[in-house]
Amino acid sequence: MTTNILAIWKYSAILSFLLIIFGISASFAYGNETSSITGSVINGTNTNDTPVGIIVSLEIYDGDLLVAIKEDSVTEKGTFHIENIPVKDSYSYDLKTDYRDIEYSVSITSPMFSEDVTLRVYEITDNSDLVDILGYTTVINEVDSRDSLINTMEIITLENKGDRTFRADVAKNGPMSLIRFSLPSNSVDLDVQSNLSGGAVLQVDRGFAISAPIPPGTHEIIFEYRHPYSGEFLSFEKSFPFGSKVFRVLVRNGIIGVRSDELDLMEPIILGNVMYHRIEAREIPPADSVSIEFTKLPKPTIAQSVMRTILSDRFPPIAIGIFLVCILLAIFFLLFNKRHAHAGGLFSLDDPKSLEIIEEICKLDNLFASGDISEAKYIQERTELKSLILGFKQTDVYEVI
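Under the numbering used here, the first residue of the sequence shown is numbered 392, with each subsequent residue one higher.
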């Protein structure tokens, strides 16, 4: 019996050891799995120029972390071959090259390593007539009544219908050659995102411009901003330097109204179970503009207006202290009034005279803070006003030392 137990134990130990060894080996082999990729770089412009000798780079990412870069140069046949590419389920791969100082890229996955990948490059043009705005959508999702700001998102679909990459030549044609978009006056918090690579966002008259090169094909630009309003209506001109095949305004149901004599009222649409009112126009020519009016804009509450004034840069720090003193004074009076409701001669907060006196104290504090009244007169008048509120005579006030 003892011999059998020892034999079983010995074989179990050997089996466990083999499983551990093979498990480690399998894990090690998987962790060091590599592959290769073969592809070609094609000049998409109708020329005889072959991009011989340019470098093709494969950037390997694990999430946002750059793990490695593998490179090869393009042969006379326009091909490239990259080897020893680490493979892992969490990895992503970007294939890139620079041609005429413009970056071209394509995202690939590891199953594509077994296929020939094509990377297209193009010659350059500064002819902006090749760029069309296919769609221009303005979406109003939210209105900030406290700060009187309309939160706006705009979605642009543009197309380069040629076979050359458009890159504006500002030195030759001036800043008006850039692809431009208009904004309402005094807009703030502009945020621009696009699937175009390179370039920058530049501030121009009545809006902004992008300097990113635009390869042939369709591309998306999304930008968000907030613009202020006052009152219940806001009218502004929307300009279209490059025109637009379609322009539409979508406003979420129930927040504000929208109208325009130059846009047609369309049937509402449902986006994500939310209804949006819609007005739109088609075939807007370049350099044209349309007038839009937002209606039924919400007004800030009294509390929101007060807080906005206090938090603004124009509100001096000393005034904040004065304001807080007035608030504490009002609270004190309210509590005192309730505690001594039986006493004669006391003002009630329902009495307009009480509120007038509190307002006079606040005005007096402002005069003193701005240096328009002497300290002696300020103390005297403030004491008299407090005496009226608290219901006792001047002689009942103790001097503070």
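For glycine and all other residues, C-beta sits at the position ideal for the given N, C-alpha and C.
| query | result |
| --- | --- |
| Residue span of the beta strand (DSSP E) that contains V508, given as start and end | D507 to V512 |
| Length at least 3, wholly inside the stretch 563 to 642: the beta strand (DSSP E) runs in chain order | 570 to 573, 579 to 585, 592 to 595, 598 to 601, 608 to 619 and 625 to 631 |
| Contact set for I764: own chain, Cβ-Cβ below 6 Å, skip 5 residues either direction | L758 |
| Start-end ranges of the beta strand (DSSP E) lying completely within the stretch 416 to 467, minimum 3 residues | 425 to 434, 446 to 453 and 456 to 464 |
| CA-to-CA distance, A600 to V458, given in whole angstroms | 34 Å |
| Close-in-space but distant-in-sequence residues of the same chain around N644 (CB under 8 Å, 5 per side omitted) | P659, V665, M666, Y667 and H668 |
| Chain C within 8 Å of A767, Cβ atoms only | Of the chains in the structure shown, none is chain C; there is only one protein chain. |
| 6 Å CB neighbourhood of E533 in its chain, flanking five on each side removed | N542 |
| Exposure label - R673; buried when at least 16 CB within 10 Å | exposed |
| Neighbourhood of V530 by C-beta, 6 Å cutoff - its chain only, sequence neighbours within 5 removed | M544 and L641 |
| Contact between the stretch 517 to 525 and the stretch 576 to 593 (3+ Cβ pairs under 8 Å) | no |
| Residues near E684 in its chain [Cβ-Cβ closer than 6 Å; skip 5 each side] | S626 and R650 |
| Identity of the residue in K479, D455 and I547 nearest G634 by Cα | I547 |
| C-alpha distance - L521 paired with G663, whole-angstrom precision | 35 Å |
| Beta-bridge pairing of K487 - partner residues as DSSP gives them | S448 and S496 |
| Close beta carbons around L581, own chain, < 8 Å, minus the five adjacent residues each side | L574, V592, F599, F614, E615 and Y616 |
| Separation of E474 from Q594, as counted between CA atoms | 44 Å |
| DSSP state of I647 mapped onto helix, strand, coil | coil |
| Spatial distance of F572 from S630 (CA atoms) | 8 Å |
| Supposed close pair G469, I428 - CB separation, criterion 8 Å | With a Cβ gap of about 15 Å, G469 and I428 do not count as contacting. |
| DSSP three-state assignment for V561, whether helix, strand or coil | helix |
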